[in-house]
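Okay, structure first, notes after.
Residue numbers (our numbering): -9 to 99.
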């Protein structure tokens, strides 16, 4: 079952206005209790801090997620994040490396 947490818990209210982080946790928890493996990750480049990226990685670890898609925001004109600066390739690589250290057995994709 796929249910991205999108970003760090501390940054979620700044990103998503249609549902709460608690709603997301309720969904993931119920899927796991039903014996369903959950795939969950997020989007990098949503104006999150480096600390919030680490926070997201530890949250995924706490949730025992073993398949973690990390998407990279591509700012597009006419969208809420159109003015975001594209992430530098080295910053993306460093973030993936940190996720690997925190989630050594997860499939990070």
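All C-beta atoms in this analysis are idealised placements derived from N, C-alpha and C, irrespective of residue type, glycine included. The structure presented is a predicted model; accordingly, all values stated were derived computationally and were not measured.
Scanning 40, 32, 10 and -9 for the CA closest to the CA of residue 18 turns up -9. Between residue 93 and residue 50 a beta carbon distance of about 6 Å is seen, short of the 8 Å cut, so the two are scored as contacting. Judged by pairs of C-beta atoms under 8 Å, the stretch 27 to 45 touches the stretch -8 to 1, as three or more such pairs exist. When DSSP assignments are scanned along the stretch 42 to 69, the uninterrupted stretches of beta strand (DSSP E) that are 3 or more residues long and fall wholly within it turn out to be 60 to 62.
Assignment of residue -5 by DSSP, reduced to helix, strand and coil, places it in the coil class. In this structure, the straight-line span from the alpha carbon of residue 52 to that of residue 61 is close to 20 Å.
Following the DSSP letters along the chain, one finds residue 18 in no beta strand (DSSP E) but inside the alpha helix (DSSP H) bounded by residues 11 to 23.
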